[in-house]
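S.K.: Residue numbers (the UniProt record's numbering): 1 to 328. For each residue, glycine too, the CB sits at the ideal point set by N, CA and C. My structure is below; once you've seen it, I'll send some questions.
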């Protein structure tokens with residue numbers, strides 16, 4: 001029986017996740033469980049618990065599901081509204097897609113462990129950094145719970161049920177509207193550009209606090225309209241399951257090393273959106289926030305930020321104007 005329904009109550013215990021792995025991290029993945037591809041997804045999830053981490057048995061809370069945000073089979077992490085105006089993101093491998101993009105079996109347990117470890121690491125890293133905290137949901141920590149699961153078909157009196165450990169994080173319910181739900185063509189150009197500029201500012205503020213979000217999808221960006229006439233809007237960014245903590249030694253990415261060096265050379269300045277997002281604005285173009293042409297969209301980015309002293313300086317090659325500008 002599906003466990004994440006409105007009205008369901010469950011207990012969660014405070015949990016410290018394992019070190020982040022996968023995604024942007026250059027780390028060794030946990031070993032495969034022998035024979036897992038011969039099992040059904042339910043059998044596999046029952047046979048393999050999540051990576052251990054550390055559980056605080058003395059810190060426990062009761063959570064009641066009050067609304068469904070993103071749930072169901074193959075949806076990945078289950079997202080529900082719970083008690084006290086919070087959101088629970090539940091990394092239950094049973095409801096991850098059992099097939100990868102190529103149609104082969106996906107190791108859903110390792111995939112959910114990776115998502116949980118990376119997202120919890122990112123939110124934890126940003127706590128106490130006010131520049132970033134104004135652009136992310138308030139974070140209420142990482143937790144673990146037990147979910148009762150049928151062995152075989154549910155419904156009969158003799159059905160065997162077993163409990164599985166499942167990890168989750170808690171955060172505040174986000175106000176505002178996702179950018180995917182806004183028609184930018186209905187907005188005045190000045191307001192549309194203001195929203196876009198604030199989105200890239202928010203990304204830069206988060207990066208300055210040590211986290212590379214790594215997902216520019218509009219569904220992860222919420223706009224809070226305070227006073228549209230005076231162009232007063234705030235931006236909240238969610239979904240850090242592919243984010244990377246830039247100080248981690250095993251986040252071996254040359255771009256981050258150069259960026260950290262440059263930020264030390266120019267104290268107080270932010271990483272410019274230009275080299276970071278040049279030619280990577282397809283989602284904004286697809287939803288009519290920016291021109292369809294990739295070069296024109298990148299040119300917009302250049303015009304908005306190239307001479308802004310809030311950011312690290314960048315230069316472009318005049319003989320190759322389509323090439324990504326570089327930090328100097």
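1. Measuring CB atoms only, is the stretch 269–277 touching the stretch 147–159, in the sense that at least three cross pairs come out at less than 8 Å?
2. Report the three-state DSSP secondary structure of residue 269 (helix, strand or coil).
3. Within its chain, find whatever has a CB closer than 7 Å to the CB of residue 140; leave out the 5 residues flanking it on each side and keep chain order.
4. Is the stretch 228–247 in contact with the stretch 287–300, if contact means three or more CB pairs nearer than 8 Å?
5. Using the rule of at least 16 other Cβ atoms within 10 Å of the residue's Cβ for burial, across every protein chain shown, is residue 305 buried or exposed?
6. Would you kindly work out how many angstroms separate the C-alpha atoms of residue 43 and residue 209, rounded to a whole number?
7. Have a look at 193, 270, 264, 265 and flag the residue whose alpha-carbon is nearest the alpha-carbon of residue 288.
8. What does the Cβ neighbour count give for residue 78, buried or exposed, with the cut at 16 atoms within 10 Å?
9. Can you grab the Cα-Cα spacing for the pair residue 213 / residue 3, in whole Å?
10. Apart from the five residues on each side of it in sequence, which residues of its chain come closer than 7 Å, Cβ to Cβ, to residue 224?
11. Leaving out the 5 sequence neighbours to the left and right, which residues in its chain are closer than 8 Å to residue 258 when beta-carbon positions are compared?
12. Check for me: the alpha helix (DSSP H) holding residue 198 runs from which residue to which?
13. Could you please give the first and the last residue of the uninterrupted alpha helix (DSSP H) stretch that includes residue 70?
14. According to DSSP, simplified to helix, strand and coil, what is residue 143?
15. Kindly indicate which residue of 188, 72, 65 has the alpha-carbon position closest to the one of residue 83.
16. Would you tell me roughly how many angstroms separate the C-alpha atoms of residue 201 and residue 149, rounded to the nearest one?
17. Work out the CA separation of residue 39 and residue 130 for me, nearest whole Å.
18. Give the C-beta separation of residue 283 and residue 216 to the nearest angstrom, bearing in mind that I take them to be a contact with Cβ-Cβ under 8 Å.
M.R.: Let's see:
1. The stretch 269–277 makes no contact with the stretch 147–159, as fewer than three CB pairs between them are under 8 Å.
2. As a working note, residue 269 is residue 269 in the chain shown. Three-state DSSP puts residue 269 in coil, outside helix and strand.
3. Position 140 of the chain shown, counted from the start, is the residue given in the question as residue 140. Closer than 7 Å at Cβ, skipping near neighbours: 86, 170, 171.
4. Fewer than three pairs of CB atoms, one per stretch, sit closer than 8 Å, so the stretch 228–247 makes no contact with the stretch 287–300.
5. One-based indexing of the chain shown puts residue 305 at position 305. So residue 305 counts as buried.
6. In the chain shown, the residue the question calls residue 43 occupies position 43. In the chain shown, the residue the question calls residue 209 occupies position 209. C-alpha separation (whole angstroms): 41 Å.
7. Walking along the chain shown from the start, residue 288 turns up at place 288. Restricting attention to 193, 270, 264, 265, the CA atom closest to the CA of residue 288 is found in 193.
8. As a working mapping, residue 78 is identified with position 78 in the chain shown. By the 10 Å Cβ count, residue 78 comes out buried.
9. Taking the chain shown and counting its residues from 1, the one referred to as residue 213 is at position 213. Taking the chain shown and counting its residues from 1, the one referred to as residue 3 is at position 3. One C-alpha to the other measures close to 30 Å.
10. One-based indexing of the chain shown puts residue 224 at position 224. Closer than 7 Å at the Cβ level, and outside the excluded window around residue 224, lie 175, 176, 233, 234, 236.
11. The residue you call residue 258 lines up with position 258 of the chain shown. Excluding positions up to five away in sequence, the list reads 327.
12. Here residue 198 is taken as the residue at index 198 of the chain shown, counted from 1. Where residue 198 is concerned, the enclosing alpha helix (DSSP H) stretches over 189–208.
13. For the purposes of this step, residue 70 is identified with residue 70 of the chain shown, where counting begins at 1. It is not in any alpha helix (DSSP H) - residue 70 instead sits in the beta strand (DSSP E) that spans 54–70.
14. Counting from one through the chain shown, the residue named residue 143 turns up at place 143. The answer is strand: DSSP assigns residue 143 an E or B state.
15. What you label residue 83 is simply residue 83 of the chain shown in a count that begins at 1. The shortest Cα separation from residue 83 among 188, 72, 65 belongs to 65.
16. To locate residue 201, count along the chain shown from 1; it is residue 201. To locate residue 149, count along the chain shown from 1; it is residue 149. In a straight line, the C-alpha of residue 201 is about 44 Å away from that of residue 149.
17. The residue given as residue 130 occupies position 130 in the chain shown. The residue given as residue 39 occupies position 39 in the chain shown. Inter-residue distance for residue 130 and residue 39 is about 46 Å (C-alpha atoms, whole angstroms).
18. On the chain shown, residue 283 is found 283 positions in, with the first residue counted as 1. On the chain shown, residue 216 is found 216 positions in, with the first residue counted as 1. Confirmed, Cβ separation roughly 6 Å.
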